[in-house]
Amino acid sequence: MNSPYQICSRCVLDTTVADIRFDEKGECHYCHIHDALGKEFPLTFDGQKKFLAIINEIKQKGHNKKYDIIVGVSGGRDSTYALLKIVELGLRPLAVHLDNGWNSEIAVTNIKNATNKLGVDLLTHVLDWEEFKDLQLSFLKASVPDAEIPTDVAIHGILHKIAAQEHISYVVFAHSFRTEGVAPLSWTYMDGEYIKSVQKRFGRRKLKTFPNMTALDVFYYRFIKNIRVVPLLAYLKYDQKEVTERLSKELGWNYYGGHHHESYYTHFFQSYYLPKKFNIDKRKVEYSALIRSGQMTRQKALDEIQNHPYPYDEELVRYAIKKLGLTKKEFDDIMAVSNKSFRDYSTYYPFIKALKPLLAVVQKLNFFPKHLYLKFLG
Ligand SMILES: [Zn+2]
4 MNSPYQICSR CVLDTTVADI RFDEKGECHY CHIHDALGKE FPLTFDGQKK
54 FLAIINEIKQ KGHNKKYDII VGVSGGRDST YALLKIVELG LRPLAVHLDN
104 GWNSEIAVTN IKNATNKLGV DLLTHVLDWE EFKDLQLSFL KASVPDAEIP
154 TDVAIHGILH KIAAQEHISY VVFAHSFRTE GVAPLSWTYM DGEYIKSVQK
204 RFGRRKLKTF PNMTALDVFY YRFIKNIRVV PLLAYLKYDQ KEVTERLSKE
254 LGWNYYGGHH HESYYTHFFQ SYYLPKKFNI DKRKVEYSAL IRSGQMTRQK
304 ALDEIQNHPY PYDEELVRYA IKKLGLTKKE FDDIMAVSNK SFRDYSTYYP
354 FIKALKPLLA VVQKLNFFPK HLYLKFLG
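Sequence positions in the sequence shown follow my numbering and run 4 to 381.
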């Protein structure tokens, strides 16, 4: 049943990614996705011309309003860089932070420093902790590797909700395929129906205030409120070292030691939960992106991954279990449940698959994000 171990000849993704496919040269389809995105968002004169046209359109649309665009800020590198670039481009952003209860102190300081130094208004939305904790627990009980999507969905949901309330037409998507890569489908799938079905099955509470993004919400924000998502970082050169130095120097930004470790939950989730339960090492996604964009050698990535297991902190694991309101035994039981995937729950994925011919057309009109189209259907 188990296929033999194989690793991509170009990046470091391997058969621990259940959906991985290789071409005749041994290159994986996530490398192909990277190349397709590189063609869609080229760092050429023409690519920049297209980008500046979008920025001008945003300025024109916002000229009678207080803000041109919303930028979600987590205190992490990508969103802080996105905020800096937006200000440099002469746009007037509203920074929005989603507080899910797991902020590290470094994250809070980074957000404060960046918004103060850039003179940007900040709005913080605090999730209802008891409700959100219950949803996080439901996803742990569901035994799926996508157990961190409640935060990601809430971020999309709240940014759109505030954009609609404040009559802002654009929302920044602060993700760079050049440094972050595209999370494999079998590791991270998300949609509003998935949230609903998992909570219905395992939750103790009804979701009353959680800013979910159901298909109806997506339709409402896109077509009724006409809110557009701008994949800002995809248009920009992103050299991780250079960006880190700039942010530290200009905005007093501090690094927290790992990808998205600005959140205690993400740190616990990526360093302990995913490797121990699913044999998933998310560094492979980030390192693969850096290899493809020439910012890391494949040899260095292999050495890191093969010789240095994702370091975790016992203290942090104890903190996370306690904060979730679990006993050690209850947590061990969760870890022992057989692993499942999003395909075991109700999601929109079957519909998305069925709508492939339609989506092939609309994604060309920028109605469906290119990276998701390639990941779901490519
Ligand atoms: Zn690859």
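Every residue, glycine too, gets a C-beta built ideally from N, C-alpha and C.
| Item | Value |
| --- | --- |
| Following the continuous alpha helix (DSSP H) through A218, name the residue where it begins and the one where it ends. | A218 to F222 |
| Could you tell me if the beta carbon of R80 falls within a distance shorter than 7 angstroms of some heavy atom in ligand 2? | Ligand 2 is not part of this structure, which contains only ligand 1. |
| Residues in the same chain with beta-carbon distance under 6 angstroms from M4, minus the five sequence neighbours each way, listed in chain order, please. | Here M4 scores only 47 on pLDDT, less than 50, and its place in the model is too uncertain to base an answer on. |
| Since S82 and G75 should fall inside the 8 angstroms C-beta cutoff, what is the C-beta to C-beta distance between them, to a whole number of angstroms? | 6 angstroms |
| Quick one: Cα of R207 to Cα of K136, how far? | 10 angstroms |
| Does the separation of the CB atoms of V147 and L162 fall below 8 angstroms? | no |
| If I'm right that N106 touches S296 with Cβ under 8 angstroms, what's the distance once you round it to whole angstroms? | Contact doesn't hold; Cβ gap of about 29 angstroms is too wide. |
| Okay, do the segment 228-236 and the segment 163-183 touch, 3+ Cβ pairs below 8 angstroms being the bar? | yes |
| Following the continuous beta strand (DSSP E) through I101, name the residue where it begins and the one where it ends. | This sequence places Leu at residue 101; Ile is not what is there. Element bounds for L101: P96 to D102. |
| Helix, strand or coil, according to DSSP, for T127 in the structure here? | strand |
| At which residues does the beta strand (DSSP E) containing I73 begin and terminate? | I72 to G75 |
| Do N215 and I426 come within 8 angstroms of each other at the CB atom, strictly closer than that value? | The structure shown does not extend to residue 426, since the chain is modelled only from 4 to 381, so the question has no answer here. |
| So M193 and V246 are supposed to be a Cβ contact under 8 angstroms. How far apart are they, rounded? | With a Cβ gap of about 26 angstroms, M193 and V246 do not count as contacting. |
| Smallest Cα separation from L138: which of H128, E151, T127 and V129? | E151 |
| Would you say the beta carbon of L236 is closer than 7 angstroms to some non-hydrogen atom of ligand 1? | no |
| How is D22 classed by DSSP in three states: helix, strand or coil? | coil |
| Is I283 near T19, with beta carbons less than 8 angstroms apart? | yes |
| Helix, strand or coil for D17 per DSSP? | strand |
| Can you pull every residue whose C-beta falls closer than 7 angstroms to some heavy atom of ligand 1, listed in chain order? | C11, R13, C14, L16, E30, C31, Y33, C34 and S291 |
| Just reading off the beta strand (DSSP E) that V233 is part of, what are its end residues? | R231 to V233 |
| Going by DSSP in three states, I89 sits in which element: helix, strand or coil? | helix |
| Per DSSP, what kind of secondary structure is Y1 in: helix, strand or coil? | The structure shown does not extend to residue 1, since the chain is modelled only from 4 through 381, so no value can be given for it. |
| Within the same chain, show all residues whose beta-carbon is closer than 7 angstroms to that of A186, passing over the 5 residues directly before and after it, in chain order. | V288 |
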